[in-house]
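Position 141 (the sequence shown) corresponds to 138 in this note's numbering; numbering is contiguous. Comments concern the structure below.
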Amino acid sequence: MAVYRLDDTIWLPKPELADDDGLLAVGGDLSVERLVLAYSNGIFPWFNPDDPILWWCPKERFIIRPENIHISHSMKKFMNQHKVEMKLDRDFADTIHRCRMKREATVGTWITDDMEKAYCELHKFGLANSVEAYIDGELAGGALRCLHRQMLFR
-2 MAVYRLDDTI WLPKPELADD DGLLAVGGDL SVERLVLAYS NGIFPWFNPD DPILWWCPKE
58 RFIIRPENIH ISHSMKKFMN QHKVEMKLDR DFADTIHRCR MKREATVGTW ITDDMEKAYC
118 ELHKFGLANS VEAYIDGELA GGALRCLHRQ MLFR
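Next up, the structure:
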C-alpha cells in the first residue's frame, strides 16, 4: 500500500488504504478542520516530536469493556482509604499537559507542543474532552477523547 503525502489542502485518503500497520499518510497539519475529518473517519495523528505528522488508521483497536475490568483487592483497599474521584473536563489543559510530561519507565511522549495546542483548540469547540482521576483532590491521571465516543486514549 502507498503512504500518501499531505499538503495544506484539508483532505485525507480513505481509511481502507492504510498499510498493514495502519499507516495512511504523512504531512499536513493539525488544524481543527483536519483533526475533525480524521477522527470522524477513525484516523488519528501519532508521531515523534522531531518527525513529520503521521496519520494512522489501524484495522484493530484496543477496547476496554467495563464488564472485563477487574479491580484488585489491594486497589479496592487503596480506594477505601483515599478519596478517589473521576471528573469530566475539570481541567483539560492541565490534563493534556501532564499526559505530555515524561514519566519514569517511559521513553517519551506522543504529545508534542503542536499536538497539545491542537487538542486544546478542539476542546474549545467542544470536540475533545478529558476524563480525570483525582486522589485526595490531586490530579493523578487522565485520558483524552476526541469527537465524543470516537476514541479514548492516553
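We put the beta carbon where it would ideally sit given N, CA and C, even for glycine. Quick caveat, the model's predicted, so the values are computed rather than measured.
Q: Just mark histidine 152 as buried or exposed, buried being the case when its beta carbon has 16 or more other beta carbons within 10 Å.
A: Nothing about residue 152 can be read from this structure; the chain reaches only from -2 to 151.
**Q.** histidine 70 to isoleucine 132 span [Cα, whole Å]
**A.** 18 Å
Q) Taking Cβ to Cβ, would you say methionine 112 is nearer than 8 Å to proline 42? A) Their beta carbons are under 8 Å apart, which means methionine 112 touches proline 42 by this criterion.
Q | Exposed unless 16 or more other CB atoms sit within 10 angstroms - verdict on alanine 22 | A | Residue environment for alanine 22: buried (at least 16 other C-beta atoms within 10 angstroms of its C-beta).
Q) Under three-state DSSP, which class holds valine 33? A) Of the three classes helix, strand and coil, the one that applies to valine 33 here is helix, per DSSP.
(Q) Quick check on the DSSP output: the beta strand (DSSP E) that includes cysteine 96 runs from which residue to which? (A) Unbroken run through cysteine 96 is the alpha helix (DSSP H), 89 to 97; no beta strand (DSSP E).
Q. Start and end of the beta strand (DSSP E) containing glutamate 135?
A. 135 to 143
Q | 3 or more residues per run - each beta strand (DSSP E) lying fully within the segment 18 to 76 | A | 20 to 24 and 51 to 53
Q) Sorted by chain position, which residues of the same chain lie with C-beta nearer than 8 Å to arginine 212's C-beta, five sequence neighbours on each side aside? A) A query on residue 212 cannot be resolved here, the shown segment of the chain reaching from -2 to 151 and no further.
Q: Would you kindly check if the distance between the Cβ of leucine 9 and the Cβ of asparagine 38 is under 8 Å?
A: Remark: C-beta atoms of asparagine 38 and leucine 9 approach each other more closely than 8 Å.
Q. Helix, strand or coil for leucine 14 per DSSP?
A. helix
Q) DSSP beta-bridge partners for methionine 83? A) Methionine 83 has Ala130 as its beta-bridge partners, per DSSP.
Q) Using a Cβ-Cβ cut-off of 8 Å (strictly less than) and excluding sequence neighbours within five positions of glutamate 30, which residues of its own chain qualify? A) Ile7
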